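**Q**
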Amino acid sequence: MRMMVQIFDRWHRSRPAKGAEPCTEHSSRTKRLVPSADHCKGKRWQVRYRDPDRKQVKENFTTKPQAERRAAEIAMEMDKGTYVHPSELRITFREYAEQWRTAQPHRPITARAVETVLRLYVYPKFGDRQLTSIRKGELQAWLTGLVRVKGLAPRTAIKVKQKVAAVFNAAVHDSLIPASPCTGLKAVEVPHTEVTPLTSAEVHKLARAVPDQYRALVILAAGSGRRSGELFGLQVRHIDFLRRTVKVEQQVQRAYPSVVVCPPKTQHSHRTVPVPQSVIDAVAAHLKVYPAKQDDFVFAGPVNADHFADTVWRPAIRAAGLPKGTGVHALRHTYASVLIKHGKGPKTVAARLGDTVAVAMSIYVHLFPDEDEGTREAVDEFPSEAA
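Residue numbering for the sequence shown follows this note's numbering, beginning at 9 and increasing consecutively.
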């Protein structure tokens, strides 16, 4: 049923003309306007209606055509089910984004990343703007400018775009806006860089460069492909020394100023990884020197990744003569490269790494063997049979 929307003149009240009969057929012609108590106070024309919760809403306008246009908009929105209360139309991007951010079940490190991105890059530009006033064109210009004017790394700009899009998508679901202005938004393309795995000699140099209590960590990372958080979250109970497998059931993440133990990164990350005897021997030797119970962390902690990088990893990288910026992830790349070198396909590589096949291929496609000649031989039979 169509919602009744009415327009009132706040400055005047109608009164019967002198001498007019109160209930005649032409009574509307015999009324006169008299100043109301609000005469010349505020905007003259008022649109009145009841919202979907049956609460009365009043909106004031300077001119009658403005009020008529708004009344038509309200009636149409009510019919379509897209009506938004005026108070919600006035909400700023910052107000809504903060409501959205604090309601998300983010892990500590993700929550911190979202807050940082919004505070540093988004709020200075759009924080005080009404959410409904932000348009795609200005978002596109701003996003491009972050890279080409402000010098932000393209990969970081993509993360900024993702956070902004998440806010607008939530606003769509809350019926605050009909569609997200981020749809079709393009970020500056990230230059493709191929990962360079460490050689066996470099891995052993690195293992000798780290303090003794982390030597097994280097060997385990290169032999199992675990992420750094998964390495720090490893407990003795996760290792099956007889079957030579290591489970990934949890990880350690930074939760400033401390750390938190939480589930792995994604559903694909839960896995059991077979490891060679050399890795099992390295971990066993480590536990003889640094004993731990079943529910204890193999590498005493839990370890804070930032502290580890500052005090252990970067000094070891320098001592081993490896390129500046080489991260713990380089050991994961090394593991993947060894699997590919020994003929393991994308599905197996992805499963061992705890990634999807699409993610694994996007990172390691250049490491898979060139099959140009095999492709030629396979297709060559068609021309020969047709000849």
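Idealized CB from N, CA, C, for every residue including glycine. Just so it is clear, the structure is predicted and the values come from calculations on it, not from any experiment.
#1: With a threshold of 6 Å on Cβ separation, who are the neighbours of Val-336 within its own chain once the five nearest residues in sequence on each side are excluded?
#2: Between the Cα of Thr-280 and those of Ser-266, Cys-270, Arg-251, Ser-208, spot the shortest distance and give me the residue it belongs to.
#3: Between the alpha carbons of Lys-218 and Arg-234, how many angstroms are there, rounded?
#4: Helix or strand or just coil, what does DSSP make of Ala-395?
#5: Provide the residue(s) that pair with Gln-138 in DSSP beta bridges, ordered along the chain.
#6: Determine contact between the region 323-338 and the region 288-299, defined as no fewer than three beta-carbon pairs at a distance below 8 Å.
#7: Looking at Gln-148: is its Cβ nearer than 8 Å to the Cβ of Leu-193?
#8: Going by Cα to Cα distance, which pick from Val-42, Ala-75, Pro-162, Tyr-104 is closest to Arg-56?
#9: For a quick check, are the C-beta atoms of Ser-188 and Val-196 less than 8 Å apart?
#10: Check this for me: beta carbons of Val-168 and Val-130, under 8 Å apart or not?
#11: Do Ala-229 and Arg-340 have their C-beta atoms closer together than 8 Å?
#12: Which stretch, first to last residue, makes up the beta strand (DSSP E) that contains Tyr-57?
#13: How many Å lie between Val-226 and Ala-215 at the Cα?
#14: Leaving aside the five residues before and after Arg-120 along the sequence, list all residues of the same chain whose C-beta is less than 7 Å from its C-beta, in chain order.
#15: By DSSP's criteria, Val-42 is part of a beta bridge. Which residues make up the other side?
#16: Could you please give me the residues that DSSP links to Glu-197 through a beta bridge?
#17: Could you name the residues that DSSP lists as bridge partners for Cys-48?
**A** Judging by the given coordinates:
#1: What you label residue 336 is simply residue 328 of the sequence shown in a count that begins at 1. Ser-236.
#2: In the sequence shown, residue 280 corresponds to position 272, counting from 1. Comparing Cα-Cα distances from Thr-280 to each of Ser-266, Cys-270, Arg-251, Ser-208, the minimum goes to Arg-251.
#3: For the purposes of this step, residue 218 is taken as the residue at position 210 of the sequence shown. For the purposes of this step, residue 234 is taken as the residue at position 226 of the sequence shown. Residue identity check: residue 218 is Val in the sequence provided, not Lys. Each residue's alpha carbon lies about 18 Å from the other.
#4: Within the sequence shown, residue 395 is the residue found at index 387, counting from 1. A caution first: Ala-395 carries a pLDDT of 49, below 50, which makes its placement in the model unreliable, though a value can still be read off. DSSP places Ala-395 in coil when its eight states are reduced to three.
#5: Start at 1 with the first residue of the sequence shown, and residue 138 comes out as number 130. Answer is Thr-100.
#6: no
#7: Stepping through the sequence shown from its first residue, residue 148 is reached at position 140. Stepping through the sequence shown from its first residue, residue 193 is reached at position 185. Cβ atoms of Gln-148 and Leu-193: closer than 8 Å.
#8: Counted from its first residue, the sequence shown places residue 56 at position 48. Cα-wise, what sits closest to Arg-56 is Ala-75.
#9: In the sequence shown, the residue the question calls residue 188 occupies position 180. In the sequence shown, the residue the question calls residue 196 occupies position 188. Cβ distance not < 8 Å, so Ser-188 and Val-196 don't count as in contact.
#10: In the sequence shown, counting from the first residue as 1, residue 168 sits at position 160. In the sequence shown, counting from the first residue as 1, residue 130 sits at position 122. Yes, the pair counts as a contact, with Cβ atoms nearer than the cut-off.
#11: Here the question's residue 229 lines up with position 221 in the sequence shown. Here the question's residue 340 lines up with position 332 in the sequence shown. Contact flag set, yes.
#12: As a working mapping, residue 57 is identified with position 49 in the sequence shown. Run containing Tyr-57: 53-58, per the beta strand (DSSP E) assignment.
#13: Within the sequence shown, the letter at position 218 stands for residue 226. Within the sequence shown, the letter at position 207 stands for residue 215. Looking at the two C-alpha atoms, the distance is approximately 6 Å.
#14: In the sequence shown, residue 120 corresponds to position 112, counting from 1. Only Tyr-264 meet the Cβ criterion.
#15: The residue you call residue 42 lines up with position 34 of the sequence shown. The partner list for Val-42 (beta bridge, DSSP) reads Arg-21.
#16: Within the sequence shown, numbered from 1, the residue matching residue 197 stands at position 189. None, per the DSSP bridge assignment.
#17: Within the sequence shown, residue 48 is the residue found at index 40, counting from 1. Answer is none; Cys-48 lacks a bridge partner.
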